[in-house]
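Below: one structure, written as structure tokens.
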Amino acid sequence: MLARVGPQRLDLTEVHRFPNVPVRLPGGLHWDVLRLYGDVLAGLGHAARSCVGGEVLSSVGIDSWAVDYGLLDGSGALLGNPYHYRDGRTAGAAASVHAKVGERELYDVTGLQFLPFNTIYQLAAEPADRLGRATHALLVPDLLTYWLTGTLGTEVTNASTTGLLDVRSGDWAKALFDALGLPRDLFPALRRPGDVVGPLLPAVLEETGLAPSAVVTAVGSHDTASAVVGVPAADERFAYISCGTWSLVGVELDAPVLTPAGRAANFTNEGGVDGTVRYLRNVMGLWLLSESIATWERTGPPADLPALLAAAADVPAGGPVFDPDDPVFLPPGDMPARIAGVLRADGARVPGTRAELVRCILDSLAAAYARTVRAASELSGRPVDVVHLVGGGARNELLCRLTADACGLPVLAGPVEATALGNVLVQARAHGAVDGDRWALRELLRSTQAVKRYEPASL
Ligand code: LRH
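Have a look at this one:
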């Protein structure tokens, strides 16, 4: 995404979009990280060629999904392809970690929700010899940054998803590294959104055609951290749903909430830009839909999503619902069969058509969003007047409407590209193109980005 930003201006242009397709090797499910890096270079090349009339691209910022990492040896070489967090190798890892540090203590130190794929559990699942050969672990955006700049570092919002960061001090929880037998310097030093990382390597300049003045700037490199910056809220009485593969549902706070009730509800305190706290919960998200479509397409003709959504809108309300957060839905595989299994086990009716299943997924997500918005507000004491739904899900009108109805609150849908917007706003501020705190950045979002309002149906 190429952005042009000024005090009254925020334009985003898509210059290169590429699929991110995991690859299953005999040893597990991996990310094709070299392919991703190749596409990053291709995208930077397109961006360089899209500059017109003396424009010079001044800064590059990288965000991605959280928790996954590559291991580097002492020469900086990658030790194998990074694992996908949906790989099954972490089964049993949580138990081995919790035998060393109890779950309650972990939550008290890190404030992080339990997800079986948090980095701390993935590291516990690493074969000892592989980890022994590793000098550093780099989270995915930090790995791409390293290849672009030659500079090692760990961006702090993404570090907060590892399960190894102290939520109070904002620094690595050294005692946890010690207790788990991990080297204290496994992750390189922390950097903060807005820090200038450094110039691009000469080979990168040559391949992309970017000007030598371009630098990489740290942003909220956890995609959800950038997405929350990109929420066009007017004041703090809002909840957000960052809605893509996952739906991250919560509120923005100034300080963590570390109560037993929050822990029991599996709420997380992830690090936001400008020292904020993203108090949220992962809801399984549109993965339920995309994996259902992938299942149908494995055995039949391509599924037409707009037609399916239109048919789902005509399915009468009040149909069956299931809990989207059932861990059975986490791995790739036949999603309709798993949903049917969960419904059947609950004694609920199993949808008979694809449109009914799509409606069942969206009804279930909307109900989960409503529960989670209510819980976030109650657990944090933050009143919520409006729900901002950002990301690709904002295009899904049926989902937005069902969410407004389930929450009993207005839903403001959009921007679809909130993550990219939050990313570039932090860069632009670091380089003096815009000024002010996150509310000033959001003011610019509100004056430049289209948002669609859904009122809840009156009962
Ligand atoms: C969303 C996301 C989410 C994490 C998950 C691994 O893309 O970063 O915040 O929990 O991916």
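Residue numbering for the sequence shown follows the numbering used here, beginning at 1124 and increasing consecutively. Cβ coordinates follow ideal geometry from the N, Cα and C atoms, glycine included.
Leaving out five residues on either side along the sequence, give the residues of the same chain with a beta carbon under 8 Å from the beta carbon of residue i.
i	result
Asp1301	Arg1307
Val1138	Met1124, Leu1125, Gly1166, His1169, Ala1170, Ser1173
Ala1478	Leu1431, Ala1434, Ala1435, Asp1437, Val1438
Asp1196	Leu1202, Arg1256, Ala1257, Thr1258
Asp1294	Leu1288, Leu1313
Quick one: what's residue i bridged to in DSSP?
i	result
Ala1536	Leu1512, Lys1575
Leu1125	Thr1136
Ile1590	The structure shown does not extend to residue 1590, since the chain is modelled only from 1124 through 1582, so no value can be given for it.
Asn1392	Tyr1402
Trp1295	Leu1288
His1554	The partner list for His1554 (beta bridge, DSSP) is empty, contrary to what the question assumes.
His1345	Ser1187
Gly1321	Val1339
Glu1330	According to DSSP, Glu1330 bridges with nothing at all.
Ala1260	Leu1194
Gly1151	Leu1148
Arg1314	Glu1278
Leu1201	Leu1195
Ser1182	Val1338
Tyr1492	For Tyr1492, which the question treats as bridged, DSSP gives no partner whatsoever.
Tyr1206	His1153
Starting from the Cα of residue i, find the closest Cα among the options and give me that residue.
i	options	result
Tyr1192	Val1534, Leu1303, Leu1309	Leu1309
Ser1292	Ala1378, Leu1305, Thr1382	Ala1378
Val1363	Ala1257, Val1338, Val1406	According to the sequence provided, residue 1363 is Tyr. The question's Val does not apply to it. Closest by alpha carbon: Val1406.
Tyr1208	Glu1540, Pro1454, Glu1566	Pro1454
Leu1305	Pro1355, Thr1272, Asp1252, Asp1265	Asp1252
Val1509	Asp1358, Leu1328, Ile1416, Trp1562	Asp1358
Ala1493	Gly1456, Glu1393, Leu1532	Leu1532
Val1224	Val1534, Ala1296, Asp1155	Ala1296
Thr1284	Gln1236, Leu1299, Ala1312	Gln1236
Pro1130	Arg1360, Gly1559, Val1342	Gly1559
Ala1214	Val1190, Pro1239, Glu1228, His1221	Pro1239
Ala1580	Leu1194, Val1146, Leu1521, Thr1571	Leu1521
Val1374	Lys1575, Glu1330, Leu1512	Leu1512
Gly1343	Pro1538, Ala1189, Val1128, Leu1164	Ala1189
Trp1410	Asp1449, Val1380, Arg1386	Asp1449
Val1232	Asn1241, Val1175, Leu1299	Leu1299
Pro1322	Tyr1269, Phe1361, Asp1528, Ala1216	Tyr1269
Gly1441	Gly1423, Pro1149, Ala1471, Gly1456	Ala1471
Ala1541	Leu1246, Tyr1160, Gly1353, Leu1229	Gly1353
Glu1228	Gly1276, Thr1382, Leu1135	Thr1382
Pro1250	Glu1278, Gly1234, Ala1216	Ala1216
Glu1278	Gly1286, Trp1154, Asp1318	Asp1318
With burial defined as no fewer than 16 other Cβ atoms inside 10 Å of the residue's Cβ, what is the status of residue i: buried or exposed?
i	result
Thr1476	exposed
Arg1320	Looking at the sequence shown, residue 1320 is not Arg but Val. With 16 or more other Cβ atoms within 10 Å, it is buried.
Pro1447	buried
Ala1350	buried
Glu1578	exposed
Pro1459	buried
Ala1348	buried
Asp1265	buried
Ala1260	buried
Arg1421	exposed
Arg1505	buried
Phe1141	exposed
Ala1387	exposed
Report all residues from its chain with a CB closer than 6 Å to the CB of residue i; omit the five preceding and five following residues, and keep chain order.
i	result
Arg1212	Gly1151, Ala1248
Ser1370	Ile1364, Val1406, Gly1408
Trp1419	Ala1426
Leu1079	Only positions 1124 to 1582 of the chain appear in the structure, and residue 1079 is not among them; the question remains open.
Leu1564	Leu1548
Glu1414	Met1458
Ile1416	Ala1426
Leu1412	Ile1484
Cys1530	Ala1493, Val1496, Val1510
Glu1330	Leu1164
Val1534	Val1510, Leu1512, Cys1523, Thr1526, Ala1527, Tyr1577
Should residue i be counted as a contact of the ligand COA given a C-beta to heavy atom distance under 7 Å?
i	result
Tyr1208	The ligand COA is not among the ligands present in this structure, which contains only the ligand LRH.
For residue i, which residues of its own chain have a beta-carbon under 7 Å away from its beta-carbon, when the five flanking residues on both sides are left out?
i	result
Ser1182	Ala1337, Val1338, Thr1340, Gln1550, His1554
Val1451	Arg1461, Val1465
Leu1328	Pro1335
Ala1384	Leu1502
Arg1467	Val1473
Val1539	Gly1514, Gly1515, Ala1517, Arg1518
Val1444	Cys1483, Asp1486, Ser1487, Ala1490
Gly1537	Val1513, Ala1517, Gln1572, Ala1573, Val1574, Lys1575
Leu1333	Leu1167, Ala1171, Leu1180, Leu1323
Within 8 Å (strictly less), CB to CB, does residue i reach chain D?
i	result
Asp1318	In the structure shown, chain D cannot be found, because there is only a single protein chain.
Taking 8 Å as the cut-off, does the stretch 1478-1485 touch the stretch 1436-1454 (at least 3 CB pairs, one atom from each stretch)?
yes
For the stretch 1194-1203 against the stretch 1366-1375, are there 3 or more C-beta pairs whose distance is under 8 Å?
no
Under 8 Å: do the stretch 1497-1509 and the stretch 1392-1407 share three or more Cβ pairs, one atom per stretch?
yes
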